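Working notes, structure below.
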Amino acid sequence: MTDTHSAPHTAPHTTPALNTRPTLLAVFAHPDDEAFSVGGTLTHYARLGVNVVLACATRGEAGKITVPGMTVTDLGAQREQELIEACRALEIPAPVFLDYHDSGRYERTRHDDPLAMMNVNPLDVEVKLRALIERVQPQVMVTFDPHGGYGHVDHLQIHRAASAAFFSAGSLPYGGPKRLYFTAMSVESAAGIARMGQDLDPLVYGVSEETFAVRMDVSAYAENKKAALAAHGTQMGEQSLMGRMTPEERAAMQERLGHENFSIGGTRTPIHQYPLRGLFDGLEGLEHLDQ
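As numbered in our numbering, the sequence shown has no gaps in its residue numbers, which increase by one up to the final residue, 564.
Shown next, in the form of structure tokens:
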């Protein structure tokens with residue numbers, strides 16, 4: 274948190290120079306959130322020269338270690354390094370951390386931690402994100418869908434804050450991001466996750482395929498995604514959902530990981546066709562990214 278009392282004489286605010294480089298800002302809650310739903314997309318655009326910025330709200334301090342017998346002194350520090358390695362596997366820069374705490378789940382829920390995402394005012398998170406948006410000037414933002422993927426409270430909080438930041442950032446001097454996308458999971462995919470043990474109703478957490486504004490074929494980046502998932506070692510052990518999969522479930526998961534789907538969360542530009550060819554489709558001067 275910034276101590277405003279320590280610097281009473283601050284330099285005058287200066288507007289950053291206009292960013293002309295294509296930039297994508299992905300906003301998620303925990304290390305490993307990026308690998309499942311957007312990892313291939315991030316690699317795809319990074320290879321096209323897009324500046325990919327990954328903002329992670331927490332360091333996953335309250336995560337469950339899924340490797341039997343593993344002892345970690347500082348889980349937040351461990352998962353920070355895991356995310357840095359995952360970003361390397363995805364060929365994107367190191368993440369930006371917003372410095373909130375993981376709220377946990379079930380018996381690990383941190384009700385009394387004032388910095389846990391569940392206890393933080395979403396408007397405070399929005400202010401941080403808006404400052405990040407002003408600095409990196411993305412044309413495109415991506416975050417969780419309104420159900421937070423599978424309903425984790427931190428996912429819901431970051432969805433709310435990122436969505437609000439997209440809209441309030443329209444008054445920034447550069448005009449704000451042009452598109453906001455939500456990760457989108459089909460009913461079939463949600464049913465597959467439910468079969469693996471997540472307590473969710475596929476008809477609530479999944480969406481019809483007609484809802485997909487963008488369907489990215491990321492099968493070419495399968496090895497990047499596998500390496501990114503493997504980098505999150507504390508979360509991918511044999512006691513994790515993935516570790517407990519049957520061979521049939523694992524094969525179905527591998528097939529689902531070959532596509533990443535997005536719905537429209539907001540736009541400041543016309544949408545000339547639907548579905549879109551990619552996240553930058555129709556944005557003036559950036560159409561070449563999705564040809």
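Just so it is clear, CB atoms sit at the ideal spot from N, CA and C, and this is done for glycine as well.
Model, not experiment: these values are computed from the prediction.
Exposure of residue i, with buried meaning 16 or more beta-carbon neighbours within 10 Å
{"i": "Asp490", "result": "exposed"}
{"i": "Tyr379", "result": "exposed"}
{"i": "His278", "result": "Here His278 scores only 41 on pLDDT, less than 50, and its place in the model is too uncertain to base an answer on."}
{"i": "Asn497", "result": "buried"}
{"i": "Phe553", "result": "buried"}
{"i": "His384", "result": "exposed"}
{"i": "Ala290", "result": "exposed"}
{"i": "Glu461", "result": "exposed"}
{"i": "Thr296", "result": "buried"}
{"i": "Thr346", "result": "exposed"}
{"i": "Ser459", "result": "buried"}
{"i": "Pro395", "result": "buried"}
{"i": "Ala390", "result": "Residue identity check: residue 390 is Met in the sequence provided, not Ala. The residue in question, Met390, is buried, as its Cβ has 16 or more Cβ neighbours within 10 Å."}
{"i": "Gly558", "result": "exposed"}
{"i": "Ala264", "result": "What is shown of the chain runs 274 to 564, which leaves residue 264 out entirely."}
{"i": "His545", "result": "exposed"}
{"i": "Thr344", "result": "exposed"}
{"i": "His561", "result": "exposed"}
{"i": "Gly342", "result": "exposed"}
{"i": "Thr339", "result": "buried"}
Under 8 Å between C-beta atoms of residue i and residue j
{"i": "Leu486", "j": "Phe417", "result": "Position check: residue 486 holds Ala in this sequence, whereas Leu was assumed. The answer is no: Cβ separation not under 8 Å."}
{"i": "Arg529", "j": "Gly465", "result": "yes"}
{"i": "Glu399", "j": "Ala437", "result": "yes"}
{"i": "Gln410", "j": "Tyr447", "result": "yes"}
{"i": "Leu556", "j": "Gln354", "result": "no"}
{"i": "Gly336", "j": "Leu348", "result": "yes"}
{"i": "Thr331", "j": "Asp375", "result": "yes"}
{"i": "Thr484", "j": "Ala442", "result": "no"}
{"i": "Val311", "j": "Ala299", "result": "yes"}
{"i": "Thr314", "j": "Glu533", "result": "yes"}
{"i": "Ala495", "j": "Gly531", "result": "yes"}
{"i": "Phe265", "j": "Met414", "result": "The question about residue 265 has no answer, for the chain in this structure spans 274 to 564."}
{"i": "Tyr373", "j": "Leu356", "result": "no"}
{"i": "Pro419", "j": "Arg488", "result": "no"}
{"i": "Gly333", "j": "Arg352", "result": "yes"}
Element boundaries [beta strand (DSSP E), containing residue i]
{"i": "Ile537", "result": "His532 to Thr540"}
{"i": "Val300", "result": "Thr296 to Phe301"}
{"i": "Val413", "result": "Val413 to Thr416"}
Neighbour flag for residue i against chain C, beta carbons, 8 Å
{"i": "Ala437", "result": "The displayed structure is made up of one protein chain only, and chain C is not part of it."}
Residue i beta carbon near the ligand NAD (any heavy atom closer than 7 Å)
{"i": "Thr484", "result": "No copy of the ligand NAD appears in this structure; indeed no ligand is present at all."}
Ranges of the alpha helix (DSSP H) found wholly within the stretch 310-384, counting only runs of at least 4: 312-320 and 348-362
Okay, do the stretch 462-471 and the stretch 362-372 touch, 3+ Cβ pairs below 8 Å being the bar? no
Spell out a yes or no on whether the stretch 351-366 and the stretch 419-434 are touching, meaning 3 or more CB-CB pairs, one atom from each, closer than 8 Å. no
Going residue by residue through the stretch 450-514, where are the continuous alpha helix (DSSP H) segments of at least 4 residues, counting only ones entirely within it? 460-468, 475-478 and 495-504
Pairs of beta-carbons, one from the stretch 499-506 and one from the stretch 305-325, closer than 8 Å: are there three or more? yes
Report yes or no: do three or more beta-carbon pairs, one from the stretch 538-554 and one from the stretch 445-463, lie closer than 8 Å? yes
Any chance the stretch 395-412 sits against the stretch 315-333, with 3 or more Cβ pairs inside 8 Å? yes
The stretch 473-480 touching the stretch 418-427, judged by at least three CB pairs closer than 8 Å: yes
Only counting runs of 3 or more residues, tell me where the beta strand (DSSP E) segments fall wholly within the stretch 391-439, in order along the chain. 413-416
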